[in-house]
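Chemist: There's a structure below that I have some questions on.
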Amino acid sequence: MDRIEDVESYMKENLGSDWGKLKHQWQEYKTGEISRGEFTKEALKKLGKKFLGIFVNMS
1398 MDRIEDVESY MKENLGSDWG KLKHQWQEYK TGEISRGEFT KEALKKLGKK
1448 FLGIFVNMS
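Per this note's numbering: the sequence shown = residues 1398 to 1456.
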């Protein structure tokens, strides 16, 4: 996630309609209510390999 300039746009583009499942947690992360680790944990729980797949093998 650190290598992407606009993570939110990247996730919206690559997750499509599944982005809606993470919007609330993303807002909590952006406002500091939850940590990046907590956001990632929730994203993996909700989307599993689809979430992980958008960040693996990035060049």
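Every residue, glycine too, gets a C-beta built ideally from N, C-alpha and C.
Terminal residues of the continuous alpha helix (DSSP H) containing Gly1434?
Modeler: Note, Gly1434: alpha helix (DSSP H), Arg1433 to Leu1444.
Chemist: Beta-carbon separation of Trp1416 and Lys1409 under 7 Å?
Modeler: Yes. Within cutoff.
Chemist: Would you decide whether Ile1451 is buried or exposed? Buried here means 16 or more other CB atoms lie within 10 Å of its CB.
Modeler: Label assigned to Ile1451: buried.
Chemist: Counting along the chain, where does the alpha helix (DSSP H) carrying Trp1338 start and finish?
Modeler: The first residue shown for the chain is 1398 and the last is 1456, placing residue 1338 beyond what the model contains.
Chemist: If distances are taken between C-alpha atoms only, which option among Leu1419, Asn1411 and Gly1429 comes closest to Lys1438?
Modeler: Comparing Cα-Cα distances from Lys1438 to each of Leu1419, Asn1411 and Gly1429, the minimum goes to Leu1419.
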